[in-house]
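Undergrad:
Residue numbers (my numbering), protein chains in the order written: chain A, 4 to 426; chain B, 4 to 426.
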């Protein structure tokens, strides 16, 4: 009778990748392998949902043990990820039905979708349409986003590592600027990610402890940018401390909603493609204050920086992957493992299931009490929240001076459908 | 009789700081402390040569043992560095005489100047004027530059760590781009330092092994930029591999010498202040090829990244500091400890003294045979040269998730001169 209930599992990565999304993959795969007779084959979508639509599946069990172990310390999306948002069921029923068709052809009973808010929405809709079409499918979301903006979970896997990278880099660059400010660069601007929420920018605030320590100015998306107030603060910092370190979120914007650096292009989700807030801010400083400046844009470096990943983050990324499978095997459909903070000092956390319908398409912004009254820094409450998330180092193995990241073989599963799906 | 020969030592940091310049400071200080009766007080110039000119000296022996030990793992210039170039003796004899006046007042018999080519020139001139003025002074240069462009030394302390950072970051960002290229970013551009020499850009080449692996295009200062050839290569890479990772040196320029991104401002040395080659190159790709792109500018992050320092580099930085003192105590004046490569596999190196007059103001560029015939990559010979320099990790200690870098107390030495020097 057990034979009859055995179903295959499909895992897919979605959206912007992180330093630890593959650790979640490892958590999913390890738990599937340990499921005994409950889960048969373990498949992954090549390039995420795109692989599912095009029936381009990877047979994960054909990977070596060493590769599967290596996923835990390898950044980016080992199976390929996609920026590909499925529209509402009414607008694009054919796509959802195609997915169910592929799932049916490959006897997939468990779908693990590793992504952010958009992906949780897709997983939810798939579980609904599966039920409508009479195809039994358990869909579980696996949270992932460097933006840390998913609701109902204390934090999002991927965030802790980018937070650690940004805090470490800010501390290091600040020492550089401080040591040369007397005769050289006085203002340094670092641009970090975070389209609508300032969590990543806030993490830079961990670099210093006191007002005289960098960063002296953080520009959050939550606080409308006012040039005059900003310039006054920069000038004060240079006067008081000899230099000024500024961290600007890519999502920093004026009161009217205009981003500081709107490149004018949009991605597949219709989101504005940003970049260049740092040179823009540096230009303001040069024009109005005349200080020598430098600027950096961390871009993908920050979210790919597995070499400086947070140990807490790696552990949580793995744990949500593992929990997703456990929830699925308990028959819990349309849920997501969320991280629950039990205490901050000492840091204790656990995992619980939350319904996807409460997660999908809700953005969690920074609470106002995490940002100082003047809008340029983080509060003690914010620090208490952030500190445990960057705690601990989890170094990858090195070979010839470089991290020994793994690459999958990616053996294709034989196609079963005659119909083809074109992107 | 020994008492009579005891002299104080002055150490000063100069120019752009690095992840390991403080390791050289530690080497100098430890060797001074071990010199027995030969060296008395150990002073450091606050903000480098500026501190020497203004008689603003730091008493290094007042620092705790923990701080002095911590220098080895702390990036940037702990004593402060300066971009302050002394002109030729004929043009500015007063400045050199002022330095000798300060040295005489504080009984400084040994001067250790930790910097690049300009600083080696200053150390040389100081040794000459000391001799002309009948003030016995031993000047020893301590090599330091991320640009790796000093002659007569196989490599320059500071370079190996920035090389490791750039190679690691390129590998990580490339995995990110590769995993999403099908539906998202196809071209990623990373801008790295290296004003006139492409050593740092070359280090990015270590990230991949084969033609299909990133970086697919490196833009060296040694190879004049040709837009058409560049765009063709990018297009080919996207066609063949699905994506293209480009590493551009800040010093990349057209055949007529114009930098790709000349910001139009100049620093204290009269050098053009660069920045923005990455967005410029990305803009070309968008305009002519239409690919979705991302770009990053590492700027100070790369040279301050002590968290991912090369173990080889840290060891060499410390060793040249130590050797500088040993040479000085042997009475060798106007020399610089140079790193000599004895073999690449296994990597063996030693240190010898080279005369400052052969080092000063000579820039070592990449040999042409280190760059592939097409000008876009590194050769096997380059790889053999670079690989040992990024070998090994030398992690700093962490506290609360952040590197536990030290800050000096910086106790001032009592002024002895009535005259003041204004910058």
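Glycine included, every Cβ here is placed at the ideal spot set by N, Cα and C.
Every value quoted in this text rests on a predicted model; they were computed, and no experiment measured them.
1) CB residue 83(B) to CB residue 24(B), shorter than 8 Å?
2) Name the chain A residues that come within less than 7 Å of residue 373(B), Cβ to Cβ?
3) Near residue 5(A), which residues of its chain fall below 6 Å by C-beta distance, leaving aside the five closest residues on each side in sequence?
4) Residue 293(B): buried (16+ other C-beta within 10 angstroms of its C-beta) or exposed?
5) If distances are taken between C-alpha atoms only, which option among 76(A), 156(A), 107(A), 32(A) comes closest to residue 66(A)?
6) Of all the CB atoms in chain B, is at least one closer than 8 Å to the CB of residue 382(A)?
7) Between the Cα of residue 336(B) and the Cα atoms of 142(B), 315(B), 18(B), which residue gives the shortest distance?
8) Counting C-beta neighbours from all protein chains within 10 Å, is the total for residue 16(B) 16 or more, i.e. buried, or is it exposed?
9) Examine chain A for any beta-carbon lying closer than 8 Å to the beta-carbon of residue 20(B), and answer yes or no.
10) Identify every run of the beta strand (DSSP E) within the region 23 to 79 of chain B, keeping only runs that are complete inside it and at least 3 residues long; order them along the chain.
11) Quick one, which of 99(A), 329(A), 62(A) has its alpha-carbon nearest residue 109(A)'s?
12) Nearest-angstrom Cα distance between residue 89(B) and residue 169(B)?
13) Return helix, strand or coil for residue 270(A), following the three-state DSSP convention.
14) Does the region 363 to 378 of chain A come within contact of the region 185 to 194 of chain A, defined as at least 3 CB pairs closer than 8 Å?
15) How many Å lie between residue 103(B) and residue 165(B) at the Cα?
16) For residue 282(A), which option in 161(B), 145(B), 300(B), 68(B) has the closest C-alpha, if you only look at C-alpha atoms?
17) Considering Cα atoms alone, identify which of 349(B), 177(B), 178(B), 158(B) is closest to residue 200(B).
18) What's the call for residue 415(A), buried or exposed, on a 16-neighbour Cβ count within 10 Å?
19) Could you tell me the distance, in whole angstroms, from the CA atom of residue 68(B) to the CA atom of residue 411(B)?
20) Alpha carbon to alpha carbon, what distance is there between residue 253(A) and residue 264(A)?
21) Please tell me whether residue 319(A) and residue 342(A) are closer than 8 Å, where the distance is taken between their beta carbons.
22) Could you name the residues of the region 394 to 415 of chain B whose beta carbon sits closer than 9 Å to any beta carbon of chain A, in the order they occur along the chain?
23) Is it true that the CB of residue 155(A) sits closer than 8 Å to the CB of residue 323(A)?
24) Cα separation between residue 224(A) and residue 345(A)?
25) Given a threshold of 16 other Cβ atoms within 10 Å of its Cβ, counted over all protein chains shown, does residue 54(B) qualify as buried or as exposed?
26) Do the CB positions of residue 111(A) and residue 46(A) come within less than 8 Å of each other?
27) If you drop the 5 nearest sequence neighbours on each side, which residues of the same chain put their C-beta closer than 8 Å to that of residue 9(B)?
28) Is the Cβ-Cβ distance between residue 178(A) and residue 398(B) less than 8 Å?
29) Using beta-carbon positions only, say whether residue 60(A) and residue 29(A) come within less than 8 Å of one another.
30) What residue range is occupied by the uninterrupted beta strand (DSSP E) comprising residue 116(A)?
31) Note down, in chain order, all residues in the region 10 to 37 of chain A with a beta-carbon under 7 Å from any beta-carbon belonging to chain B.
32) So which of 138(B), 206(B), 151(B) has the shortest CA-CA distance to residue 171(B)?
33) Can you tell me whether residue 421(B) is helix, strand or coil according to DSSP?
34) When the Cα atoms are used, what is the spatial distance from residue 131(B) to residue 307(B)?
35) If you drop the 5 nearest sequence neighbours on each side, which residues of the same chain put their C-beta closer than 6 Å to that of residue 418(A)?
TA: Here's the rundown:
1) No, the Cβ-Cβ distance between residue 83(B) and residue 24(B) is not below 8 Å.
2) Against chain A, the beta carbon of residue 373(B) has no neighbour under 7 Å; the closest one sits roughly 18 Å away.
3) Its pLDDT being 42, under 50, residue 5(A) is placed unreliably in this model, and the value from its coordinates should be taken loosely. 40, listed in sequence order.
4) So residue 293(B) ends up on the exposed side.
5) For residue 66(A), the nearest C-alpha among the options comes from 32(A).
6) Taking CB atoms only, residue 382(A) has no neighbour in chain B less than 8 Å away.
7) Comparing Cα-Cα distances from residue 336(B) to each of 142(B), 315(B), 18(B), the minimum goes to 142(B).
8) Buried, by the Cβ-count rule.
9) Closer than 8 Å: yes.
10) DSSP runs (the beta strand (DSSP E)) wholly in the region 23 to 79 of chain B: 42 to 48, 60 to 62.
11) Taking only the C-alpha atoms, the option nearest residue 109(A) is 62(A).
12) Each residue's alpha carbon lies about 32 Å from the other.
13) Only weak support exists for where residue 270(A) lies, its pLDDT of 47 falling under 50; the value from the coordinates is given anyway. In the three-state scheme derived from DSSP, where H, G and I count as helix and E and B as strand, residue 270(A) is classed as coil.
14) Taking one beta carbon from each stretch, the region 363 to 378 of chain A and the region 185 to 194 of chain A have fewer than 3 pairs nearer than 8 Å; the two do not touch.
15) Near 35 Å, if we compare the C-alpha coordinates of residue 165(B) and residue 103(B).
16) Closest by alpha carbon: 300(B).
17) With distances taken between Cα atoms, residue 200(B) lies closest to 158(B).
18) Exposed, since its Cβ has fewer than 16 Cβ neighbours within 10 Å.
19) So the alpha carbons of these two residues sit roughly 11 Å apart.
20) A straight line joining the alpha-carbon of residue 264(A) with that of residue 253(A) spans about 8 Å.
21) Against a cut-off of 8 Å, the Cβ pair of residue 342(A) and residue 319(A) comes out as a contact.
22) Considering only beta carbons, the part of the region 394 to 415 of chain B lying closer than 9 Å to chain A consists of 394, 395, 396, 398, 401, 403, 404, 405, 406, 408, 410, in chain order.
23) Pairing residue 323(A) with residue 155(A) gives a Cβ-Cβ distance that is not under 8 Å.
24) Note on geometry: alpha-carbon atoms of residue 224(A) and residue 345(A) lie some 29 Å from one another.
25) Buried: at least 16 other Cβ atoms inside 10 Å.
26) For the 8 Å CB-CB criterion, residue 111(A) and residue 46(A) form a contact.
27) Scanning its chain for C-beta atoms nearer than 8 Å, with the 5 sequence neighbours on each side dropped, one finds around residue 9(B) the residues 40, 41, 42, 43, in chain order.
28) Taking 8 Å as the cut-off, the beta carbon of residue 178(A) is found no closer than this to the beta carbon of residue 398(B).
29) No, the Cβ-Cβ distance between residue 60(A) and residue 29(A) is not below 8 Å.
30) DSSP places residue 116(A) inside the beta strand (DSSP E), whose first and last residues are 111 to 118.
31) Listed in chain order, the positions of the region 10 to 37 of chain A with a beta carbon within less than 7 Å of a beta carbon of chain B are 20.
32) Of the candidates 138(B), 206(B), 151(B), the residue whose Cα lies closest to the Cα of residue 171(B) is 206(B).
33) DSSP places residue 421(B) in coil when its eight states are reduced to three.
34) Each residue's alpha carbon lies about 34 Å from the other.
35) Excluding sequence neighbours, residue 418(A) sits near 58.
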